[in-house]
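Peer 1: In my numbering, the protein residues as written are 10 to 1019.
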């Protein structure tokens, strides 16, 4: 027999199991039709609905039904007509025909409502039912005064209603009971249901949070009841692929008459198909035991004093309920007993080959997993046969690797409830506490879910796309810390950032939080980033990007690591009250109390090189490109990437800009000279010396700035660098030649050694569709991995790019550029501004790159006046606003220019600039709908009439700045559709109908968002 090819676990995608689609039909309302006396007897020891509710609660069941009572057929019909009744339970009295007549009337008018009957008299009742019940009563049970029978009736009815879809379509397991003795199956069913429900409760621990645990309850095995041979055989044939086993009487009806060997014939038929299929014969005749054993079945004597215990033991052992026992057939003993998947995985590594083989031949691995509702893994095991493997060791390896892959798959897209006793390396995203995740935490959880939903984790060969291991300290940790130490009032009124930081660090975190952090640190083997996740952060309207702190910590000894993490967590909390944060809150009309902070603990993606740690690529990508060049289109997006930590990108440093759809056309690499001059000269890395981290308001306290030349000895440049051949004035691919190393990413973007453009195309497309908004993503890539291991693309963040689509502004037809102060064809934003009188510009004639820090301070002072007066202004200056590199532009931070409504980046003859994208600074500008213009007049790129400004009287002037206040507001139009903008000279009149075109978001092209 040819062997089937085993699934490749590196690329295998587990099937999503739709737990939410299970148990769609529920018994919510039950009508009990009986005399007042019988109903009173039900209430004798407490109301029946209370007892059922308690039973449900004890078994962790949801949706307990409510009960209504009718003492006559007339009243029952009235209730059925006015209420949605799911099940009718009636009392049958052997001395009265009224119960049968009542059931007939109910069935006549309400044929789809199942009817169950209870009676004290089982033997006489059976004869009467066979004679008179022609499909009127769906279930008949013996009443012995035990209210558990109601639970069994309700669950049996639900199982019948849901069997077709849940068992055959989705794959839930079932137990088939073939028994026609009312007394016995009325006794068995409550026992079996309790075993099943307690078994279900035991495997709820496999659920990663409360919601998932409750979903597992839906996957419990069902019970199918048959009272005749033909009925039992039909159910077996219909559901045999998903049956755990059969429990059958011997003597029941076959071919219309009672057959004393019907159960044995059923067993023979099953054995002809399945050699190891569990089949329990139960009989009142002890002599039948011998025949049952000869037919390879098991036997249960109905008159045993411990029948319920024996039944429970059989089901637990042979239907794979309870713990899994690894049996060694040579040693004749149990080697290991395991309770959950984690223990199961560990045991597979140590049990004997004989034990591995014994259970594999009998398909007991998949059966045990399925009984625990671990369907995706069970389905994988079910689809491979014992004969597909070379030997027991291959089986062992396959089982262990499959469980590892499943545990990783299971945790993806799920916010797990952190449990310090169970947390392990297979959990990707977990929450400590029950509060909110904050904006950034929500974004990460959303990314995790849509990566799973769209099956993107392994879409690209030899690449895993995922979020790094993440734990979020939810907002209730912040609340408890703040309230316990009474810090709100102090932090709100204190303006000294170091004083705030010192006060926060001096207070201990809650003890339970430190214990959970300790458990996380035991699992992680990487450096950890401690990131802010304010409830206001990364929202659709005011993203607060980069306002709060992020600290990075090297991995070190556990005690020191715990202390460093605790300090960093408190430092992030403190950053919510730093001056920049307060100014931002004020600008967005929020209060300090609204700014509740969750804190993210996240592994850093990268590799350690000597004494530093960094990723091979960091990047930011946007689904919309406001500065398309050549044949690039706005809706194709844009990316900025760099070697090292993302600090250089968010800080506005020199990085590589490319369109994911045109990765080989990069303007910075157009000539050897521009390649050397306009590519990355340095990068940031994490200092792996733990003593380099101390509590500080600076997030860069333990980050090293490293030149490209210094990185040569790391061996990391081979992934991202090319070589500038000075003699031949050319760029050579790779680093095998002598020359100057330049960061071109040619291996990736030109030669396709890593599918970065394709990954970004897919993530931007799917992310924009999922958020229904243009997006920005942050990512990091690890290429330096051991041979045979997949490379890692870490998705670090997603946030919306805020745009106003209420109106689409248009510039006047045939206007004269001479009528403008500034005209730009590289403009970001959209709209007409007619309320700005103030114009502040950096004087070109006195500008010097060495003075940019002094200029930043001067701008901050003038901005402060505008903030106090609640006024807006136009700001113009050379180079990049907000650059962390003072030689590339003026290194302001957002609060220093927060009152500017129009910002212009102007190039000078010796100071050419490219449009800034990929920075937190840039993100904040767009979030506040600030007009953003770029001009390089000396290259005929735009127009800037400096002489016009110089001729105006200044209300303020110093060595660097000039402030002009016009008598009437200037007219400013940004034409977002074509990336054009104009700031018109004072007195220029624009017809309103020309400049504004009303348009709704529904009218915009769905692929463009422009």
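Beta carbons are placed, not taken as given, at the ideal position from N, Cα and C, and that holds for glycine.
If we count Cβ pairs, one from each stretch, closer than 8 Å, do we get three or more for the segment 336-345 versus the segment 360-377?
Peer 2: yes
Peer 1: Do the segment 569-583 and the segment 881-897 make contact, defined as three or more Cβ pairs closer than 8 Å?
Peer 2: no
Peer 1: Going by DSSP in three states, residue 551 sits in which element: helix, strand or coil?
Peer 2: For residue 551, the predicted model reports a pLDDT of 47, less than 50, meaning its position is unreliable; a value from the coordinates is still stated below. In this structure, residue 551 counts as coil in the three-state DSSP scheme.
Peer 1: In three-state DSSP terms, what is residue 435?
Peer 2: coil
Peer 1: In three-state DSSP terms, what is residue 997?
Peer 2: coil
Peer 1: I want to know whether the segment 778-794 touches the segment 942-958 - three or more CB-CB distances under 8 Å.
Peer 2: No: fewer than three Cβ pairs fall under 8 Å.
Peer 1: Is residue 886 near residue 850, with beta carbons less than 8 Å apart?
Peer 2: yes
Peer 1: Tell me the DSSP secondary structure of residue 879 in three-state form.
Peer 2: coil
Peer 1: What do you get for residue 737, buried or exposed, if any count of 16 or more other CB atoms within 10 angstroms of its CB means buried?
Peer 2: Residue 737 comes out exposed.
Peer 1: Just to confirm, is the Cβ distance from residue 790 to residue 802 under 8 Å?
Peer 2: yes
Peer 1: Mark residue 544 as exposed unless 16 or more other C-beta atoms lie within 10 angstroms of its C-beta, in which case mark it buried.
Peer 2: buried
Peer 1: How big is the Cα-Cα spacing for residue 485 and residue 229?
Peer 2: One Cα belongs to residue 485, the other to residue 229, and the distance between them is close to 34 Å.
Peer 1: For residue 617, which three-state DSSP category applies?
Peer 2: Residue 617: strand per DSSP, three-state reduction.
Peer 1: Pick out whichever of 903, 197, 837 and 852 has its Cα sitting closest to the Cα of residue 869.
Peer 2: 903
Peer 1: Going by DSSP, what residues sit across from residue 535 in a beta bridge?
Peer 2: Residue 535 pairs with nothing; no bridge assigned.
Peer 1: Sort 251, 264 and 234 by Cα distance to residue 257 and report the nearest one.
Peer 2: Nearest C-alpha to residue 257: 234.
Peer 1: Pairs of beta-carbons, one from the segment 752-760 and one from the segment 716-731, closer than 8 Å: are there three or more?
Peer 2: yes
Peer 1: Could you compute how far the alpha carbon of residue 109 sits from the alpha carbon of residue 101?
Peer 2: 7 Å
Peer 1: Measuring straight from C-alpha to C-alpha, what distance separates residue 441 and residue 570?
Peer 2: Taking the straight line from one Cα to the other gives about 18 Å.
Peer 1: What does DSSP give as the partner residue(s) for residue 649 in the beta ladder?
Peer 2: 629 and 666
Peer 1: What's the gap between the Cα of residue 587 and the Cα of residue 512?
Peer 2: CA-CA distance, residue 587 to residue 512, rounds to 13 Å.
Peer 1: Report the option in 341, 329, 50 and 677 whose CA atom is closest to the CA atom of residue 348.
Peer 2: 329
Peer 1: Evaluate the contact criterion for the segment 612-622 versus the segment 693-706: three or more CB pairs, one atom per stretch, below 8 Å.
Peer 2: yes
Peer 1: Note the first and the last residue of the continuous beta strand (DSSP E) segment covering residue 971.
Peer 2: 970-984
Peer 1: Compare the beta carbon distance of residue 719 and residue 687 with 8 Å and say whether it is the shorter of the two.
Peer 2: no
Peer 1: Between which two residues does the alpha helix (DSSP H) carrying residue 421 extend?
Peer 2: Element bounds for residue 421: n/a, residue is neither H nor E.
Peer 1: Given this structure, state the Cα-to-Cα distance separating residue 277 from residue 286, to the nearest angstrom.
Peer 2: 11 Å
Peer 1: Measure from the alpha carbon of residue 39 to the alpha carbon of each residue in 18, 97, 50 and 84, then state which is nearest.
Peer 2: 97
Peer 1: Rounded C-beta distance between residue 972 and residue 871? I'm assuming under 8 Å.
Peer 2: 6 Å
Peer 1: Helix, strand or coil, according to DSSP, for residue 745 in the structure here?
Peer 2: coil
Peer 1: So, at 8 Å on beta carbons, what are the nonlocal neighbours of residue 75 in its own chain, with the 5 sequence-adjacent residues on each side left out?
Peer 2: 37, 38, 39 and 58
Peer 1: Is it the case that the segment 833-850 contacts the segment 984-995, given that we only count it when at least three CB pairs across the two stretches are under 8 Å?
Peer 2: yes
Peer 1: Between the segment 441-460 and the segment 528-542, do at least 3 Cβ pairs fall closer than 8 Å?
Peer 2: yes
Peer 1: Report back the beta-carbon spacing between residue 693 and residue 657 to the nearest angstrom; my notes put them in contact at under 8 Å.
Peer 2: Indeed, because the Cβ distance is near 6 Å, the residues count as touching under 8 Å.
Peer 1: Is it true that the CB of residue 629 sits closer than 8 Å to the CB of residue 410?
Peer 2: no
Peer 1: Does DSSP put residue 81 in a helix, in a strand, or in coil?
Peer 2: coil
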